[in-house]
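Visitor: Sequences listed follow chains A and B, in order. Under this note's numbering, the residues of the first sequence are numbered 153 to 518, in order. Under this note's numbering, the residues of the second sequence are numbered 14 to 223, in order. Glycine included, C-beta positions come from ideal geometry on N, C-alpha and C.
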Amino acid sequence: MTFVLAVGTLCLICGVLAGLLTLAGRFLNDYGRCRVLINGGEREFEVDGGDSLLNLLTQEGLFIPSACGGRGSCGLCKVNVLSGGGPLLPTEGPHLAAEEIDAGMRLACQLKVRNDIEIEVPRELFSVQRYRAAVASIEDLTGDIKRLRLELVDPETIVFAPGQYIQLQAPAYGENPEAVYRAYSIASDRRDSRHIDLIIRLVPNGTCTTWVFTILKTADSVEFNGPYGEFCLRQSDRPMVFIAGGSGLAPFMSILAQMAAEQNARTCRFFFGARSRGDLFLLDDMARFERELPDFKFIPALSDPAPEDDWSGETGLITDVVARHFPDCSGMEAYLCGSPGMLGACIKVLSEHGLAEENIYFDKFA
Amino acid sequence: MTPLLAAVGTAAPPTGALQLLVILFAAALTDNILLTRFLGMCSFLAVSRQMKTSLGLGVAVVFVTTCTAGLNYLVHRYITVPLRIEFLEYIIFIVVIAAFVQLVEMVIERISLPLYFALGIFLPLITVNCAILGVSLFMLNKQGYGFLQCTVFGLGSGLGWMLAIVLMAGIRQRIRLDKVPRGLHGAGLSLIVTGIIALAFVGFSGMVKF
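(1) So, with DSSP's three-state summary, where would you put C163/B?
(2) Out of A255/A, L259/A, P239/A, Q281/A, which one is the CA nearest neighbour of P246/A?
(3) Taking C-beta pairs closer than 7 Å, name the residues in chain A that Q115/B reaches, listed in chain order.
(4) Quick check on the DSSP output: what are the complete beta strand (DSSP E) runs of length 3 or more inside the region 217-289 of chain A, in order along the chain?
(5) Chain B partners of I216/A, CB-CB under 9 Å?
(6) Can you tell me the Cα-Cα spacing of T81/B and R50/B, whole angstroms?
(7) Applying the 10 Å Cβ sphere with the 16-neighbour rule, what's the burial state of G53/B?
(8) Roughly how many whole angstroms lie between the Cα atoms of Y513/A and A475/A?
(9) Is the region 385-395 of chain A in contact with the region 333-351 of chain A, if contact means three or more CB pairs nearer than 8 Å?
(10) Here's the rule I'm using: 16 or more other beta-carbon atoms within 10 Å means buried, otherwise exposed. How should K369/A be labelled?
(11) State the start and end residues of the unbroken alpha helix (DSSP H) segment that holds I165/A.
(12) Using C-beta distances below 6 Å, list every residue in its chain close to T23/B, excluding the 5 sequence neighbours before and after it, in chain order.
(13) Can you give me the C-alpha to C-alpha distance between A213/B and N45/B, rounded to a whole angstrom?
(14) Can you list, in chain order, the residues of the region 154-179 of chain A whose Cβ is nearer than 8 Å to any Cβ on chain B?
(15) Compute the beta-carbon to beta-carbon distance between I338/A and Q316/A, rounded to the nearest angstrom, for a pair I have assumed lies under 8 Å.
(16) Of all Cβ atoms in chain A, is any one closer than 7 Å to the Cβ of L18/B?
(17) With a Cβ-Cβ cutoff of 7 Å, do F278/A and P379/A count as a contact?
(18) Just the chain B side, please: which residues come within less than 8 Å of G465/A by C-beta, in chain order?
(19) Is there a Cβ of chain A sitting closer than 7 Å to that of I98/B, yes or no?
(20) Taking C-beta pairs closer than 9 Å, name the residues in chain B that N511/A reaches, listed in chain order.
(21) Please report how far the alpha carbon of L18/B lies from the alpha carbon of R266/A, in whole angstroms.
(22) How many Å lie between A426/A and F450/A at the Cα?
(23) Classify A413/A as helix, strand or coil using the three-state DSSP reduction.
(24) Near A331/A, which residues of its chain fall below 6 Å by C-beta distance, leaving aside the five closest residues on each side in sequence?
(25) Need the endpoints of the beta strand (DSSP E) that P452/A sits in, please.
(26) If you count every other CB in all the chains shown that lies within 10 Å of the CB of C489/A, and 16 or more means buried, which is it?
(27) Applying a beta-carbon distance threshold of less than 9 Å, which residues of chain A neighbour V120/B?
(28) So, with DSSP's three-state summary, where would you put C186/A?
(29) Would the region 270-284 of chain A count as touching the region 411-422 of chain A if we require 3 or more Cβ pairs under 8 Å?
(30) With a cut-off of 7 Å, does the C-beta of P246/A fall near any C-beta of chain B?
(31) What is the C-beta distance between I395/A and C498/A, in whole angstroms, given that I count them as a contact (C-beta under 8 Å)?
(32) For a test of the three-state rule: what should DSSP assign to K192/B, helix, strand or coil?
(33) Which residue marks the beginning of the beta strand (DSSP E) containing D437/A, and which one marks its end?
(34) Is it a yes or a no for the region 286-294 of chain A touching the region 248-255 of chain A, going by three-plus beta-carbon pairs under 8 Å?
(35) Starting from the Cα of E382/A, find the closest Cα among F423/A, C261/A, P403/A, C229/A and give me that residue.
(36) Give me the Cα-Cα distance between V77/B and F197/A, rounded to the nearest whole angstrom.
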């Protein structure tokens, strides 16, 4: 009897308190309609206040990049708040540098909308959407690099600029309790708007890459959002040098396809760094681009060719090879994609050889 | 102080306003929940680095202990005792405290945003402060405490906790630049200092017998 009474009372007390809190939440957390003004009036939403800015913007179809899903742990969802944001919260501090705080940057997932608010977001985010797609094929390019081809399901087409990236969602699996998002460059021709290709290199113990390499199968459904990024070809007549390593080839596949479609006559040299012959891939496509484009050359360089490779091309570190080809880079433009270490070394060498830093564009793996 | 000490000195227990005053001082000083029972140590050690945050947390604790002591007395008096389920008080009290803190947080957020931002982060933190549950449990051991006495006991305990953390913050700010052995940095030195303060507070209980 005591037992029943005890459990019953406890449940009743908890229930009453929970009900009280829900009721209080409904009345106290009602901030009415709030206006969200974006980029000085380019867009304007009327939303129900009381929720986080990130959630409210997502509801209105404006996707701010966020890897943790609004828990305040990734620090990606930074937006510039011009007015109506209230003071900075302790949960935001660790993700923002001092100059970002001075500039009014906030984490959209932590900021609760209580009144009219004015924010600034990069304009490219207006075209960002969430996509559902099916895996059309998974193909081995090298021992540790795969090409993932996705067929869009909902929406059925995507518009992107060559060089942009998407965020692929790896769902919870095995010992990873929550979904994560990872950025991959689109490696396909933009004219095929129903498909995108991603080039993914296995990262040992990487959550998303392990999922792609071991679990994902053809016809599986995946989700991604995008496109993001500004790693696109600039309009000019300067000769161009592309430098990439490993899966950094991906954005250039898309950029070169676009150049081929336009019959772009700019001088372009593509240096691709690898260890040995087994790490080179998509050579047929590169040969095709060399044929189709008026002035394009693909220059693979092996840092450590194996004896059986029978290699007669360039050898040595990619930085040395680039420096050998272009002792004077002034007046050129450089596009780089690869690991932070490789990028740092390349930027250093290119600037030493006279390439102005403002003409170096890069896409850094995070 | 003279009537107070006189009242304490006599054998008969004080009554009325005087009794409440005695309870308040006893809870804050002689029976200081942090320094004589070492409850609420985790937030005490973690937050006592700066005077400003210590004061913020202290005020929040005072407020919550006062209100929850009263609330939990009512729960004890009108729910758990009549139903003879006092053994569940541990759980029920903590649920009441958690719900109360949530509610207060919502109300403050609505009524006063500046106060919410000043106090906001501390409120959720102290839901699990064991000193607060401790106050609610200890007051039931006191003989003859009614609603008013329990509330005052909560207020006194909260003030005592605030006094301790503010003292500690003051001391830590002063000794921040002193050279101390590497192994004693941070929590080590803080615990030694706490021990010394605690000794002083034990002196209070020698002074007043209640």
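Guide: So, from the listed chains and residues:
(1) DSSP places C163/B in helix when its eight states are reduced to three.
(2) Minimum Cα distance to P246/A is reached at L259/A.
(3) Annotation: Cβ neighbours of Q115/B in chain A (cutoff 7 Å, chain order): L173.
(4) Counting whole runs of 3 or more residues, the region 217-289 of chain A contains the beta strand (DSSP E) stretches 230-235, 257-259, 269-272.
(5) Residues of chain B whose Cβ lies closer than 9 Å to the Cβ of I216/A do not exist; the shortest such Cβ separation is about 23 Å.
(6) Roughly 19 Å between the two C-alpha positions.
(7) It is buried - the Cβ of G53/B has at least 16 other Cβ atoms within 10 Å.
(8) Cα to Cα, the separation comes out at about 18 Å.
(9) No: fewer than three Cβ pairs fall under 8 Å.
(10) Counting of Cβ neighbours within 10 angstroms places K369/A among the exposed residues, the total staying below 16.
(11) Residues 154-180.
(12) In this predicted model, T23/B has a pLDDT of only 45, less than 50, meaning its place in the structure is not dependable; the value taken from the coordinates is given anyway. So the list is empty, once near-sequence residues are dropped.
(13) If you take the alpha carbons of A213/B and N45/B, they lie about 11 Å apart.
(14) Flagged, chain order: T154, L157, A158, T161, L162, I165, C166, L169, A170, L172, L173, A176, G177.
(15) Contact between I338/A and Q316/A is confirmed by a C-beta separation of about 6 Å, below the 8 Å threshold.
(16) Per-residue confidence for L18/B stands at a pLDDT of 48, beneath the threshold of 50, marking its modelled position as unreliable; no derived number is given.
(17) A distance of 7 Å or more separates the beta carbons of F278/A and P379/A.
(18) Chain B residues near G465/A: none, gap ~57 Å exceeds 8 Å.
(19) So yes, I98/B belongs to the interface.
(20) Here the premise fails: no neighbours, minimum Cβ distance about 45 Å.
(21) Note on L18/B: pLDDT 48, under 50, position unreliable in the model; no value is reported.
(22) The straight-line gap from Cα to Cα measures roughly 13 Å.
(23) Helix, per DSSP.
(24) So the list reads Q321, P323, A324, once near-sequence residues are dropped.
(25) 448-454 is the span of the beta strand (DSSP E), which, as asked, contains P452/A.
(26) The Cβ neighbour count for C489/A, taken over all protein chains shown within 10 Å, is at least 16; the residue is labelled buried.
(27) Within 9 Å Cβ-Cβ: A176, L180.
(28) Note: C186/A maps to strand in three-state DSSP.
(29) No, they do not touch.
(30) Answer no: the Cβ-Cβ gap between P246/A and chain B never drops below 7 Å.
(31) About 5 Å separates the beta carbons of I395/A and C498/A, which is inside the 8 Å limit, making them a contact pair.
(32) When secondary structure is reduced to three states using DSSP, K192/B falls in the coil class, being assigned neither helix nor strand.
(33) No beta strand (DSSP E) contains D437/A, which is instead part of the alpha helix (DSSP H) from 435-444.
(34) Short answer: they don't touch.
(35) Of the candidates F423/A, C261/A, P403/A, C229/A, the residue whose Cα lies closest to the Cα of E382/A is P403/A.
(36) Linking V77/B to F197/A through their CA atoms gives a straight-line distance of about 39 Å.
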